[in-house]
Amino acid sequence: MKPSNTSKWIKSSIISILGSVITIILLLRLILPSSLSLTASIFKPYVPNFKNVPGVEFYDLRNYQGNKDGWQRGDKILFCVPLRDAAEHLPRFFNHLNTMTYPHNLIDLSFLVSDSSDDTMGVLLSNLQNAQSQKDKSKRFGNIEIFEKDFGQIIGQSFSDRHGFAAQGPRRKLMARARNWLGSVAIKPYHSWVYWRDVDVETIPETIMEDLMHHDKDVIVPNVWRPLPDWLGNIQPYDLNSWKESEGGAQLAESLDEDAVIVEGYPEYATWRPHLAYMRDPNGDPEEEMELDGIGGVSILSKAKVFRTGSHFPAFSFQKHAETEAFGKLSRAMNYNVVGLPHYVIWHIYEPSTEDLKHMAWMAEEEKRKVEETRIKEFYDKIWISGFDDVRDEWETEKSDILLNIDLTSASEGKVEVDWSDDDDKMNFAHAALADSGQGSLNDKTKNEKVNDANTNNNAGQAHKAAGLEVAPDFDPNL
Amino acid sequence: MVSLSLIGYKIKKNPIITLLLPFIVLVSVYFVVFRTDDSILGIGSLPLGNHKWAHEMEHTWYFPFTSRFKMPRYSYKTQHNWLFNDRVEDIIPEGHIAHYDLNKLRSTPDAAVDKERVLILTPLQSFDQRYWINILQLTYPRELIELGFIIPRTKTGEEALKQLEIAIKNVQSDKKNQRFAKVTILKQDSQSFDKLQEKERHALNVQKERRSAMALARNELLFSTIGPHTSWVLWLDADIIETPMNLIQDMTAHDKAVLAANVFQRYYDEEKKEDNVRPYDFNNWQESDTSRELASSMQPDEIILEGYAEIATYRPLMAYFHDKNQPITEEMMLDGVGGGCTLVKAEVHRDGAMFPSFPFYHLIETEGFAKMAKRLNYEVYGLPNYLVYHKEEFN
Chain L
1 MKPSNTSKWI
11 KSSIISILGS
21 VITIILLLRL
31 ILPSSLSLTA
41 SIFKPYVPNF
51 KNVPGVEFYD
61 LRNYQGNKDG
71 WQRGDKILFC
81 VPLRDAAEHL
91 PRFFNHLNTM
101 TYPHNLIDLS
111 FLVSDSSDDT
121 MGVLLSNLQN
131 AQSQKDKSKR
141 FGNIEIFEKD
151 FGQIIGQSFS
161 DRHGFAAQGP
171 RRKLMARARN
181 WLGSVAIKPY
191 HSWVYWRDVD
201 VETIPETIME
211 DLMHHDKDVI
221 VPNVWRPLPD
231 WLGNIQPYDL
241 NSWKESEGGA
251 QLAESLDEDA
261 VIVEGYPEYA
271 TWRPHLAYMR
281 DPNGDPEEEM
291 ELDGIGGVSI
301 LSKAKVFRTG
311 SHFPAFSFQK
321 HAETEAFGKL
331 SRAMNYNVVG
341 LPHYVIWHIY
351 EPSTEDLKHM
361 AWMAEEEKRK
371 VEETRIKEFY
381 DKIWISGFDD
391 VRDEWETEKS
401 DILLNIDLTS
411 ASEGKVEVDW
421 SDDDDKMNFA
431 HAALADSGQG
441 SLNDKTKNEK
451 VNDANTNNNA
461 GQAHKAAGLE
471 VAPDFDPNL
Chain C
1 MVSLSLIGYK
11 IKKNPIITLL
21 LPFIVLVSVY
31 FVVFRTDDSI
41 LGIGSLPLGN
51 HKWAHEMEHT
61 WYFPFTSRFK
71 MPRYSYKTQH
81 NWLFNDRVED
91 IIPEGHIAHY
101 DLNKLRSTPD
111 AAVDKERVLI
121 LTPLQSFDQR
131 YWINILQLTY
141 PRELIELGFI
151 IPRTKTGEEA
161 LKQLEIAIKN
171 VQSDKKNQRF
181 AKVTILKQDS
191 QSFDKLQEKE
201 RHALNVQKER
211 RSAMALARNE
221 LLFSTIGPHT
231 SWVLWLDADI
241 IETPMNLIQD
251 MTAHDKAVLA
261 ANVFQRYYDE
271 EKKEDNVRPY
281 DFNNWQESDT
291 SRELASSMQP
301 DEIILEGYAE
311 IATYRPLMAY
321 FHDKNQPITE
331 EMMLDGVGGG
341 CTLVKAEVHR
351 DGAMFPSFPF
361 YHLIETEGFA
371 KMAKRLNYEV
381 YGLPNYLVYH
391 KEEFN
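Protein chains in written order, with the UniProt record's numbering: chain L, 1 to 479; chain C, 1 to 395.
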């Protein structure tokens, strides 16, 4: 054979050998998709096999670090919800759950029911049964765990009880304990993400998980606002626990004693921190991020490794903070990034505070009063029109006829004499006389008016009685 | 002032200004109000003339973001590397509704009688057969014991994993009443706590890094394994090769939130030509005035470590309080603990006490954990006369 032929032959044989090797590998991979032992032994470190050994589990934590496209890679989310007297909020909450677009089978739900006086547990169970018995199996959720633990309640649950300044420190520490009991017991090695969510959220995008997850941050929170009745200005930033540390805050922290807890949003602790809530621009880009130090707990998505490696909701004063705010600080201390989305908003429900309730009661009263007043006014107008003739137009026409024969200029013919002498006594006397007469006439006037008033009041009262209306004694028709 | 008014006057008299000024004004008004392509005022693409606030465009106040911006469209196709897939099928329990009442959870002095579950946690750098034999010899009922191991991603870790696999398979495939309630083995994502060799392991400069990595491993192990039934957590190092057989009963009987046994080491005394014991773990200590002063003068990211001449703390160390003539039940208050053999009530961990991987009051890992438990109002104790033995080290 010629040398050129041999080289050709070698070339083609190499190609064919390569091709067959590749096809064999591909075929093997296709034929044995489940037995990973071959590829595993080549590309992967040793994996023990405990398939048939009871009570033994092995997890390689590398597989559960959290991907930014977790919904495509089967990342399991642990969905943690602390509950207390939340029966009324649960139906709304489950509506949100059901419309979520993240694959439901990848969501493990964990609830902590504590110190509840209403039927939170019953409502929760019936809602869960409904969710898990849906015809569409893809709508059912993964593993569900309910934990019960009472911590003893030091503070009432009304809005003002919870949000008063003095109650904040101990309350936050107690809530932190509750969160930790739930988080520590619920998280399993195979969770890649942990999502903390309050039940009382009113409006939230269906894609909340994907929206937060694709940022690929260790800890991330959306902005939280709440709707308000229009007499309070329609909307309001709600969650003031998401903030960036400021110099004022750092100074304040230094001045406080070890167990003190700074709570944001109270005039007692002026920190001058930039709050995530106030950074919202309604026209802004929802993808924009903002570094945070403290965060709020309404909706937190974090990689499971953050909790697994020890970050939690400190139930003690950690750098002068507790609970979720301290969770932000603690995660920062452990070198995780903590981020908020200023222009991506979820809406918390509006619960009126005691003051709001008072104001609302007053408004209702006012409403009633106004209705009453218009009724009375209408009635009055009617009386007025029918009771009196308006003769002003007639007077205008008759006036000229009546005054026709009176010479108005003749009055000026009489001379008016004025004594301009500088006699002080005289002057004083004149003044005194003037004052006397003035007062006298004034008194007369007021007397007359009083009589008139009494008359009109009487008349009005009689008129109302006639109309079958009740009138408050201090009712003033001129208002 | 005079010159200014003069200039003003001259400008006013200038006919060009009277011509140009209205023109300039018209142009700038056009640019600000009616130009659409890019706004001078930076209010986006809408011309100012028909500018609308976001809520007017959305017809509501309550919107998550403006429709001007679109969130990315997400694809829900499953993704995995089908050729080099390194993901192993997990044994993940089926979906169901489980209900646990944590109010019934107790940690009492009569742990064994009350059937309280104990979770033994061990960061496993290397597998020592004597450690395993010692575990098997514990008299606490095995159906109440759960084991948890975390293994670093290293060669030695892989070796340890293979040995552990064999050992566990032997026990768990044995008679039912001889099995442990549950065994969880985790493999760390990083090589972390094992990457430093035995020799350099005690050098001061690498200590902080090593202890920090160790703290992360301990936390990962703890929070992955602590379950709804766990009443006690026993931290037992892989190097502890000898403990009393009634270790768990003895230590739970003290009913303390955190309780550390005294870790000693057996060695051959060359001078006296006999076997002897010596203190090993110096992380069990009480705070001293010197160490407090030291801490207050330190930078926030510095840590105090025990057993180094560079940092003389003069802390009373539990290791030196050992007196074999005293009863083994003697207790002493501690401020820092080691991880050699420490029993913790599960509620301490559940409340959030963990092993700080960063300087926490200038303390780190197990010592930081003791501090955190104290911040949560738990008391920390040690048993100076209750000895467990660390394996010997050959340098």
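The C-beta atom is built at its ideal place from N, Cα and C for all residues, glycine as well.
{"Item": "When the distance is taken between beta carbons, is C:Thr66 closer than 7 Å to L:Asn283?", "Value": "yes"}
{"Item": "Between L:Val219, L:Glu148, L:Asn95 and L:Arg226, which lies nearest to L:Leu128 when the distance is taken from Cα to Cα?", "Value": "L:Asn95"}
{"Item": "Is it buried or exposed for C:Gly148, if we count other Cβ within 10 angstroms and need 16 for buried?", "Value": "buried"}
{"Item": "Would L:Leu212 pass as a contact of L:Leu301 if the rule is Cβ separation under 7 Å?", "Value": "yes"}
{"Item": "Rounded to whole angstroms, what is the Cα-Cα separation between L:Lys358 and L:Pro229?", "Value": "14 Å"}
{"Item": "Can you tell which of C:Leu186, C:Ile133 and C:Val25 has its C-alpha closest to the C-alpha of C:Gln125?", "Value": "C:Leu186"}
{"Item": "Name the DSSP beta bridge partners of L:Pro227, please?", "Value": "L:Ile235"}
{"Item": "Just by C-beta distance, which residues in the region 191-202 of chain L are closer than 7 Å to chain C?", "Value": "none"}
{"Item": "If you measure between the beta carbons of C:Thr290 and C:Thr313, is that distance less than 7 Å?", "Value": "yes"}
{"Item": "Rounded to whole angstroms, what is the Cα-Cα separation between L:Asp356 and L:Ile187?", "Value": "40 Å"}
{"Item": "Where does L:Trp272 fall in DSSP's three states?", "Value": "coil"}
{"Item": "Going by DSSP, what residues sit across from C:His99 in a beta bridge?", "Value": "L:Ile146"}
{"Item": "Exposed or buried, what is residue 480 of chain L when buried is set at 16 or more other beta-carbons lying within 10 Å of its beta-carbon?", "Value": "The structure shown does not extend to residue 480 of chain L, since chain L is modelled only from 1 through 479, so no value can be given for it."}
{"Item": "Closer than 8 Å by beta-carbon distance: list the chain C residues that pair up with L:Ile235, in chain order.", "Value": "Trp61 and Tyr62"}
{"Item": "Taking DSSP's pairing of strands, which residues face L:Ile110 in a bridge?", "Value": "This sequence places Ser at residue 110 of chain L; Ile is not what is there. Paired residues: L:Cys80 and L:Glu145."}
{"Item": "Against chain L, does C:Ala295 count as a neighbour if the rule is that its beta carbon must be under 7 Å from one of theirs?", "Value": "no"}
{"Item": "Kindly indicate if chain L contains any beta-carbon less than 7 Å away from that of C:Asp101.", "Value": "yes"}
{"Item": "Identify whether C:Gly339 lies in helix, strand or coil by the three-state DSSP scheme.", "Value": "coil"}
{"Item": "Rounded to whole angstroms, what is the Cα-Cα separation between C:Tyr381 and C:Asp281?", "Value": "15 Å"}
{"Item": "I want to see whether chain C comes within less than 7 Å of L:Pro189, judged by CB atoms only; does it?", "Value": "yes"}
{"Item": "Using CA atoms only, rank isn't needed, just tell me which of C:Pro356, C:His229, C:Gly338 and C:Glu306 is closest to L:Arg308.", "Value": "C:Pro356"}
{"Item": "With a Cβ-Cβ cutoff of 7 Å, do L:Lys305 and L:Ala260 count as a contact?", "Value": "no"}
{"Item": "My output table needs one value for L:Val391: the three-state DSSP class, helix, strand or coil.", "Value": "coil"}
{"Item": "Please list, in chain order, the residues of the region 323-357 of chain C that have any C-beta partner in chain L closer than 8 Å.", "Value": "His349, Arg350, Asp351, Gly352, Met354, Phe355, Pro356 and Ser357"}
{"Item": "Go ahead and pull the three-state DSSP assignment for C:Tyr30.", "Value": "helix"}
{"Item": "So, with DSSP's three-state summary, where would you put L:Gln134?", "Value": "coil"}
{"Item": "Please list, in chain order, the chain C residues whose beta carbon lies closer than 8 Å to that of L:Thr207.", "Value": "Met71 and Tyr74"}
{"Item": "From C:Ser331 to C:Pro279, what distance separates their C-alpha atoms?", "Value": "Before going further, note that residue 331 of chain C is Glu rather than Ser in the sequence given. Distance between the alpha carbons of C:Glu331 and C:Pro279 is about 17 Å."}
{"Item": "Please list the partners that L:His214 has in chain C, where partner means a Cβ-to-Cβ separation under 7 Å.", "Value": "Pro72"}
{"Item": "Can you look up C:Arg68 in the DSSP assignment and give me helix, strand or coil?", "Value": "coil"}
{"Item": "Would you identify the three-state DSSP class for C:Ala181, choosing helix, strand or coil?", "Value": "coil"}
{"Item": "State buried or exposed for C:Tyr267, treating a residue as buried only when at least 16 other CB atoms are found within 10 Å of its CB.", "Value": "exposed"}
{"Item": "Near L:Phe475, which residues of its chain fall below 7 Å by C-beta distance, leaving aside the five closest residues on each side in sequence?", "Value": "Only weak support exists for where L:Phe475 lies, its pLDDT of 46 falling under 50; the value from the coordinates is given anyway. Result list for L:Phe475: empty, nothing under 7 Å."}
{"Item": "Quick one: which chain C residues come within Cβ less than 9 Å of L:Met334?", "Value": "Leu216, Pro356, Ser357 and Phe358"}
{"Item": "Using a beta-carbon distance cut-off of less than 7 Å, what residues from the region 158-175 of chain C approach chain L?", "Value": "Glu158, Leu161, Lys162, Glu165, Ile168, Lys169, Gln172 and Ser173"}
{"Item": "Classify C:Asp323 as helix, strand or coil using the three-state DSSP reduction.", "Value": "coil"}
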